[in-house]
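What follows is a short report on a single structure.
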Amino acid sequence: LREALGKTKIVWKPIPVGLGIGFLGLLQLYKVHQREKAAAEEEDRRSAASGYGDKDERPRKRKRIRPSGPWTVQLMSYLPLKNISRVWGWFNELKIPYYLRVPGFKLYSWIFGVNLSEVAEPDLHVYPNLASFFYRTLKPGARPLSPDPSALLSPADGKVLAFGTIEHGEVEQIKGMTYSLEALLGSSSPTFDGEPEDISASHKQVEKNTSLEEKIKADEEFANINGISYTLPRSHDSKSGATIVDASTKSKSSSIAEVRADLAIAEGKRSWLFFSSPKAPTGLYYVVIYLAPGDYHRFHSPVSWVVKKRRHFAGELYSVSPYLQRTLPGLFTLNERVVLLGQWKHGFFSFTPVGATNVGSIVINFDKELRTNSLLTDTEADRAAEEAAARGEPYCGYSEAVYQQASTVLGGHALRRGEEMGGFQLG
Amino acid sequence: SSIVIVFEAPKGQRPTFDQGYQGEDLKGGWQWSIKKGMKVKVGEALGR
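Chains H and W, in that order, are what the protein sequence lines are. In terms of the numbering used here, the first sequence has 202 at position 202, counting the first letter as 1, and numbering is strictly consecutive. In the numbering used here, each residue carries its 1-based index in the second sequence increased by 1000.
Listed below in C-alpha cells is the structure:
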C-alpha cells in the first residue's frame, strides 16, 4: 500500500463545468425546499393559532393549476416551473468572469438576434451577468415615438401574436381558442372606479355631473379634507379587499400635465363616466405582443393614461412561446401576470405583462411593493385561498392594490405615452 | 414573456343618409395598423 501510494502519479483535472452547474443547481433547489418547508411550518403555526388545530380540519391550500391539453402540456404541468424559474434567475445572476463577458454576450446576441449597436452601454464588460445584460437599456433616441398623437404605441419590441375586437367578453388567443376577459383581468374590470371606499356620497355626486376641471378641483378639495385616505402609505379597502398603496415613484409633472390635457380633450367629446356617451359608441379591443429572448425587455406606456389598480395573479409560469399558445388553451389566464387597470381618453385601459418560466419576474417601476415569482406571494396567495375557503367563498385568484398619490388628483399614477413602466427580468 | 393590452376605443359612426351615407364602413373609429406576426418596436403605432 505504501509503495502504491508513493509511486502513483497524482493528476489534477478541472471539474467539468456541467457538473459544477448541476451541483450548484441542486444546492439551490435544496435551499428553496428548505425555505418552503420553513414557510409551511410557519403557516402551520399561524393556522393553529387561528383555531384550526387539527391539520385535517384546515382548508386545503390553493390547488396547483392542471391544464388540459396534449401530453407535452400535461407533462409540463407536473414540472416545478416556479422553482425552475427561480433557479434560472439565481443562475443568471452569477457573475461571469470578466474576460468571458464580451464573447458570451456576443454569442447570445448572435443566437437571439440582439442588435448591439443600439445598446446604451457600449462596453459589454459592464454587465456582470446575463440577467443585467437581459435587462439592458437602449441609447436615447433608439426608439422614436410615432408622431401621431392619437396612436396606440407598441409598448415593447416583439411580435404581434393577435389583435382584434372583444365580442361577448371573450379574447381570442389563437384562432378557435378563446378565453374570457374576466378570467384574464379579474371580475368587474370595466366598471371599476378606482376610488377608496370612504369617498363620500357628495363627492360621488360631484363626479357625476361635472367637467374634468371641476372634477379635478373637487378631487383636490376632497384630498385636503380627507388627506388620510390619500396620504397613508398602505391601508386596506374593506369593501373590495384591495390594498391601497402609494405609488412608489410619483408621476412626473409632465406626465400629469399630458394626461390631464389628453383627458380634457376627450372630455369635450365624451362623458367622463364609462360607457356613457351617446355620441361616440365604443368597443373593446385587444392586442397581444410576444417578446422573444433577444428582445429589449423593458416596456413603455402605449398611451397617456392613469393607472388606478394593480391586480397580481400568482398563477403558474408556463412558457408563453407561440407553440404553447397554440396548444394550451387559456394560457394567459393560467400564467402569473400583473394586470394594470386604468383610464385613458377613450375610457377603460388595461396593460397586462404575462410572465413565463425564463422571465418570471415582472417589475413595475412605480410599484415597489409588488413581488412577482416570489415564495412570499405564493404563501400569501395560499393564505388568501384558505381564508376564502373558510368563508365558504371561491378564491378570486389575485391580490389587488389601488394606487393613490397625495400629489396626483387624477386618482392614480399618471403615465405619459412612451414613458418606461417596467420590464421583465430573468427568473 | 408577453404583453396583453385591452382597451376601450371609439367604434366609429356610420354616416346617416342625410350626411351622404353610401354603404361604406364605419368612419372615425379605431383602426389597426398592424398585421399578425408582424415585428414591432417600442414607439411604433399599433393603431389609431
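The beta-carbon is built from N, C-alpha and C at its ideal position, and this holds for glycine as well.
Beta-carbon proximity list for glutamate 118(H), same chain, < 6 Å, skipping 5 on both sides:
Indexing the first sequence from 1 puts residue 118(H) at position 118. So the qualifying residues of the chain are Leu138, Lys139, Ala142.
I need the straight-line Cα distance from aspartate 382(H) to glycine 22(H), nearest angstrom please.
Sequence index remark: in the first sequence, residue 382(H) carries index 382 (1-based). Sequence index remark: in the first sequence, residue 22(H) carries index 22 (1-based). If you take the alpha carbons of aspartate 382(H) and glycine 22(H), they lie about 31 Å apart.
Relative to the alpha-carbon of alanine 401(H), which residue among Leu341(H), Val73(H), Tyr135(H) has its alpha-carbon at the smallest distance?
Working through the first sequence from its first residue, we reach residue 401(H) at position 401. Comparing Cα positions, the closest option is Leu341(H).
Beta carbons nearer than 7 Å to chain W: which residues of the region 138–152 of chain H have them?
Taking 7 Å as the Cβ-Cβ cut-off against chain W, the residues of the region 138–152 of chain H that qualify are Arg143, Pro144, Leu145, Ser146, Asp148, Ser150, Ala151, Leu152.
Kindly list, in the order they appear in chain W, the residues whose Cβ is closer than 9 Å to that of valine 359(H).
Against the first sequence, residue 359(H) aligns to sequence position 359. Within 9 Å Cβ-Cβ: Ser1001.
Return helix, strand or coil for tyrosine 78(H), following the three-state DSSP convention.
Within the first sequence, numbered from 1, the residue matching residue 78(H) stands at position 78. Coil.
Would you say histidine 312(H) lies against chain W (beta-carbon separation less than 8 Å)?
Working through the first sequence from its first residue, we reach residue 312(H) at position 312. It does not; no Cβ of chain W falls within 8 Å.
Work out the CA separation of threonine 8(H) and valine 354(H) for me, nearest whole Å.
In the first sequence, residue 354(H) corresponds to position 354, counting from 1. In the first sequence, residue 8(H) corresponds to position 8, counting from 1. The straight-line gap from Cα to Cα measures roughly 59 Å.
Which residues of chain W have a Cβ atom closer than 7 Å to the Cβ of proline 16(H), listed in chain order?
Walking along the first sequence from the start, residue 16(H) turns up at place 16. Result: empty, since nearest Cβ-Cβ is about 32 Å, beyond 7 Å.
Mind checking the region 279–297 of chain H against chain W and listing, in chain order, the residues whose C-beta falls within less than 8 Å of any C-beta there?
Ala280, Pro281, Thr282, Gly283, Leu284, Tyr285, Tyr286, Val287, Val288, Ile289, Tyr290, Leu291, Tyr296, His297
Are the beta-carbon atoms belonging to tryptophan 305(H) and valine 259(H) less than 8 Å from one another?
Walking along the first sequence from the start, residue 305(H) turns up at place 305. Walking along the first sequence from the start, residue 259(H) turns up at place 259. Closer than 8 Å, so yes.
Using a Cβ cut-off of 8 Å (strictly closer), state whether phenylalanine 351(H) contacts chain W.
For the purposes of this step, residue 351(H) is taken as the residue at position 351 of the first sequence. At least one chain W Cβ lies under 8 Å of phenylalanine 351(H).
How many angstroms separate the CA atom of aspartate 367(H) from the CA atom of tyrosine 398(H)?
Translated into the one-based positions of the first sequence, residue 367(H) becomes position 367. Translated into the one-based positions of the first sequence, residue 398(H) becomes position 398. Aspartate 367(H) and tyrosine 398(H): Cα-Cα distance of roughly 16 Å.
Would you call the region 298–318 of chain H and the region 410–417 of chain H touching, i.e. three or more CB-CB distances under 8 Å?
yes
To the nearest angstrom, how far is the alpha carbon of leucine 153(H) from that of histidine 300(H)?
On the first sequence, residue 153(H) is found 153 positions in, with the first residue counted as 1. On the first sequence, residue 300(H) is found 300 positions in, with the first residue counted as 1. Leucine 153(H) and histidine 300(H): Cα-Cα distance of roughly 9 Å.
Whether or not the region 84–98 of chain H and the region 126–135 of chain H are in contact is what I'm after, with contact meaning three or more pairs of Cβ atoms, one per stretch, closer than 8 Å; do they touch?
yes
Kindly give me the distance between the Cβ atoms of glycine 283(H) and lysine 1011(W), rounded to whole angstroms, as I take these residues to be in contact under 8 Å.
Residue 283(H) sits at position 283 when you count from the first residue of the first sequence. Residue 1011(W) sits at position 11 when you count from the first residue of the second sequence. That pair is a contact at about 4 Å.
So with CB distances below 7 Å, who are the chain W contacts of alanine 156(H)?
Working through the first sequence from its first residue, we reach residue 156(H) at position 156. In chain order: Ile1003, Val1042.
Quick one: does valine 363(H) have its CB under 8 Å from some CB of chain A?
Included in the structure are the protein chains H and W, with no chain A among them.
What residue range is occupied by the uninterrupted alpha helix (DSSP H) comprising isoleucine 364(H)?
Stepping through the first sequence from its first residue, residue 364(H) is reached at position 364. That residue, isoleucine 364(H), is in no alpha helix (DSSP H); its beta strand (DSSP E) goes 361–364.
Can you give me the C-alpha to C-alpha distance between glutamate 380(H) and glutamate 41(H), rounded to a whole angstrom?
In the first sequence, residue 380(H) corresponds to position 380, counting from 1. In the first sequence, residue 41(H) corresponds to position 41, counting from 1. In a straight line, the C-alpha of glutamate 380(H) is about 14 Å away from that of glutamate 41(H).
Give a yes or no on whether 8 Å exceeds the smallest Cβ distance from phenylalanine 112(H) to chain W.
Residue numbering aside, residue 112(H) sits at position 112 when the first sequence is read from its first letter. False, the Cβ-Cβ gap to chain W never drops below 8 Å.
Just to confirm my understanding: we take leucine 29(H), look at its own chain, exclude 5 residues before and 5 after, and list those with CB closer than 7 Å. What are they?
The residue given as residue 29(H) occupies position 29 in the first sequence. Only Asn83, Val87 meet the Cβ criterion.
Does alanine 183(H) get closer than 8 Å to chain W when you measure Cβ to Cβ?
Taking the first residue of the first sequence as position 1, residue 183(H) is located at position 183. No, its Cβ sits nowhere closer than 8 Å to a Cβ of chain W.
Using a Cβ cut-off of 8 Å (strictly closer), state whether alanine 162(H) contacts chain W.
On the first sequence, position 162 is the one that residue 162(H) refers to. Alanine 162(H) counts as touching chain W.
Cβ-Cβ separation, serine 1033(W) to isoleucine 289(H) (assumed contact under 8 Å), whole Å
In the first sequence, residue 289(H) corresponds to position 289, counting from 1. In the second sequence, residue 1033(W) corresponds to position 33, counting from 1. Going by Cβ atoms, the distance from isoleucine 289(H) to serine 1033(W) rounds to 14 Å, so no, they are not a contact pair.
Proline 15(H), DSSP secondary structure in three states:
Here residue 15(H) refers to the residue found at position 15 when the first sequence is read from its first residue. Reading off the sequence shown, one finds isoleucine at residue 15(H), where the question assumed proline. Here isoleucine 15(H) sits in coil by DSSP.
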